[in-house]
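Following numbering that gives the first Met the number 0, the numbering of the sequence shown begins with 0 at its first residue and continues without gaps.
Beta carbons are placed, not taken as given, at the ideal position from N, Cα and C, and that holds for glycine.
Predicted model, so just to flag it, every value in this text is computed and none were measured.
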Amino acid sequence: MQTFTFILILVIAVVASQPLTRLFRIVPLPIIQIGLGAALAWPTAGFHPRIDPELFLLLFIAPLLFADAWEAPKREYRKLLRPILSLAVGLVFFTTLFGGLALHWLVPSMPLPVAFALAAVLSPTDAVAVSAIVDKETVPKNLMHILEGESLLNDASGLVIFRFATAAALTGSFSLWQASLAFLLAVAGGIAAGLLAVVVVSWVLKLLAKFDRIAPEAQVLVIMFLPFAAFLAAEAVHASGVLAAVVAGLSVGRTRTANQLSVSAYMLAHSFWTMLAFLLNGTLFVLLGLQLPAIIRTVPPALIDTHWLWQPLGIIVALTLCLILLRFVWITVAIALSRVVSRLLRLEQFHTTLRTRLAGSVAGVRGAVTLAGVLSFPVLGLDGSPFPGRDAAIFLAAGVILLWLAIASLGLPPIVNGLAVSHGAIHATEMRRARIAATEAAIARLEGVAHRGGTDGAATVDQAVAEGLIATYRRRLALLDDGQTPREEAVALQRSESTLRQTALAAEREALRGLLRSGEIDDTTFNALAHELVLHDVLAETKAGSH
């Protein structure tokens, strides 16, 4: 009962954070959610949960990354693959090395392997927090895609390096060759596990499709298990479960898996993952807040030499600024090298300004993966003694997460202001071309039905219905092919059409409620027809939003 109550309170906190963002507009949503979590964990509140890091990664991070990867713009990721991999892999190694050295210099009592492990777990970024801090429309599209792609992949690379550094701290030995080989095997195993899980799920869905009238809920349940299956399969062979979940998400939309879903199942799956991602994102920050009071209540002695307050705060500030500086240096050097390579190989070059590089540096906010990783530090060493530097590492990680969120909240909006270029016209043109192609394909398929021979009654009915649908599609195609209408007039027409459609749908709803009240239809009929109206409403809003 206590577990259920705790889960219910978490959900209430996530929901309550939404109206609070309207009351405190200058405070980003993640900080409000962290504050709610900290308030729940106040000594008198009684909520002091202990997070199992492995279970946390399985239940929260794996499905969240899967959902983000499924919805990710794959075409843009392919175009931006070089900068994404540079940040997701190269920057992680760079941060681990130089961030670890800086940590050891700031906290001499922290062993160097532990410092490297902490620097590695401080490498994963949280693009969701960035999206909550600034409007995505104000951030350049390429920069936002790079940040999102980086956050999908650097969780895996950071956690894998963290494991090796922690093992070195436990055993006191380290082999670069063995670590490099193990890293490659962990990455390869994660990719293989993700792809294998997608293949198995696709086969199961194909098997279910052979049976008539399979409930769409059953198909969605199969998809729901996909990130967990990929994660567990990878962890079973000591590979990266996080990477497996990401690969599964990236692959599920590019393979025949999604095609095995019925239309109802696809809509249901999309709604399910959208809602789950919203809930998990909010819950992550609330859980982060729940951990903070216990973390900051006692400052580790390793961080206190001169003053109990200013020295640990100074170390957190210095460490955070150091990580931002390392990120800026890497981005600057990587862009310079990329330009040289692009000139030599005659590849497309990405032009960036100082403000763009600064925005990319400040936007590297740390989040829940960092906290989950640092909490997985061993409590005891192999000899049974306390693991050196564990409390200091957890304290510093929590401080960096909070401070970086604050810096990004205050500094990122003015940095990105005016950087973004509107892509509305380009997107509208792409949508129009796609609609024309889809409509022409539908007409061609229906013409095959209309011209099919047959004199029986069923064939005649099919031909008549097909001809009617062809006429509807041709009217739609005529509107899409009319590219002469001025942009302003087209927008005005679209708004007028949307308004009138909403008026008509509202009239239909009122009529249905009247029939229900008068007893002319029952609740089953009302619910079925109301569901149809909801689908029409969603379709209308989607079309209006795409223009």
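Quick check: the segment 202–217 against the segment 177–185, are there 3 or more CB pairs under 8 angstroms?
no
What residues are listed by DSSP as bridge partners for Leu379?
Pro385
Limits of the alpha helix (DSSP H) - the one that Phe227 falls within:
Leu225 to Ala235
Determine whether the beta carbon atoms of Ala68 and Gly313 lie at a separation below 8 angstroms.
With respect to the 8 angstroms criterion, Ala68 and Gly313 are not classified as neighbours on the basis of their beta carbons.
Confirm, please, whether the CB-CB distance from Arg365 to Val399 is below 8 angstroms.
yes
Just the C-alpha distance for Ser545 and Ile442, rounded to the nearest angstrom, thanks.
Any reading at Ser545 must be qualified, since the residue scores a pLDDT of 49, below 50, and its modelled position is unreliable; the value itself is stated next. Taking the straight line joining both Cα atoms gives about 23 angstroms.
If we count the other Cβ atoms within 10 Å of its Cβ and call it buried at 16 or more, is Val340 buried or exposed?
exposed
Closest to Ser547 by CA distance: which of Thr4, Ala38, Phe3 and Thr2 is it?
Residue 547 lies beyond the range of the chain shown here (0 to 546); nothing can be said about it.
Just how far apart, CA to CA, sit Thr137 and Ala276?
23 angstroms
Apart from the five residues on each side of it in sequence, which residues of its chain come closer than 6 angstroms, Cβ to Cβ, to Pro485?
Note that Pro485 scores a pLDDT of 48, beneath 50, so its modelled location is shaky; the value from the coordinates is reported in the next line. Correct list: empty, nothing qualifies.
Take Gly363 as the anchor and find which of Leu63, Leu86, Ala40 and Tyr76 has the nearest alpha-carbon.
Of the listed residues, the one whose Cα sits closest to Gly363 is Leu86.
Taking the C-alpha atoms as reference points, what is the distance between Ala405 and Pro29?
10 angstroms
When you compare each of Gly188, His269, Val236 and Gly157 to Leu220 by their alpha carbons, which one comes out closest?
His269
Taking the alpha-carbon of Pro377 as reference, which of Val127, Arg162 and Cys321 has the nearest alpha-carbon?
Arg162
Exposed or buried, what is Glu519 when buried is set at 16 or more other beta-carbons lying within 10 Å of its beta-carbon?
It counts as exposed.
Tell me which residue opens and which closes the alpha helix (DSSP H) that Ala214 is part of.
Taken as a continuous stretch (DSSP letters only), Ala214 belongs to no alpha helix (DSSP H), as it is neither H nor E.
Identity of the residue in Ala529, Thr502 and Glu234 nearest Gly513 by Cα
Minimum Cα-Cα distance from Gly513 among the listed residues Ala529, Thr502 and Glu234 corresponds to Ala529.
Have a look at Gly148, Leu169, Val88 and Thr95 and flag the residue whose alpha-carbon is nearest the alpha-carbon of Gly383.
Leu169
What span of residues does the alpha helix (DSSP H) with Asn153 cover, start to end?
From DSSP, the alpha helix (DSSP H) with Asn153 extends over Lys140 to Thr170.
With Lys205 as the anchor, note down where its alpha helix (DSSP H) starts and where it stops.
Leu175 to Ala208
What number of angstroms, rounded off, separates the C-alpha of Val10 from the C-alpha of Leu278?
7 angstroms
Quick check: the Cα distance between Ile315 and Phe394, rounded to an integer number of angstroms?
Going by the C-alpha atoms only, they are around 9 angstroms apart.
Please tell me whether Pro387 and Pro107 are closer than 8 angstroms, where the distance is taken between their beta carbons.
no
Where does Ala264 sit, in a helix, a strand or coil, going by DSSP?
helix
Tell me the residue span of the alpha helix (DSSP H) that contains Ser360.
Leu353 to Val361
Hey, could you find the ends of the alpha helix (DSSP H) His103 is sitting in?
Gly99 to Leu105
First and last residue of the uninterrupted alpha helix (DSSP H) at Leu54
Pro52 to Phe55
Quick check: the Cα distance between Leu379 and Arg356, rounded to an integer number of angstroms?
41 angstroms
Give me the residue from Pro311, Ile60, Ala119 and Asn416 with the minimum Cα distance to Leu322.
Ala119
Might you give, ordered along the chain, the residues of its own chain that have their beta carbon closer than 6 angstroms to the beta carbon of Gln19, omitting 5 neighbours on each side?
Looking at the sequence provided, one finds Leu at residue 19 rather than Gln. Only Ile31 meet the Cβ criterion.
How close, in whole Å, do the beta carbons of Leu374 and Ile50 come, if the pair is a contact with beta carbons under 8 angstroms?
6 angstroms between Cβ atoms; contact.
Going by DSSP in three states, Gly372 sits in which element: helix, strand or coil?
helix
Same chain, Cβ closer than 6 angstroms to Leu515, five either side skipped, listed in chain order
Phe525
Output yes or no for whether 8 angstroms exceeds the beta carbon distance between Gly36 and Leu289.
yes
Extent of the continuous alpha helix (DSSP H) run through Glu75
Lys73 to Lys78
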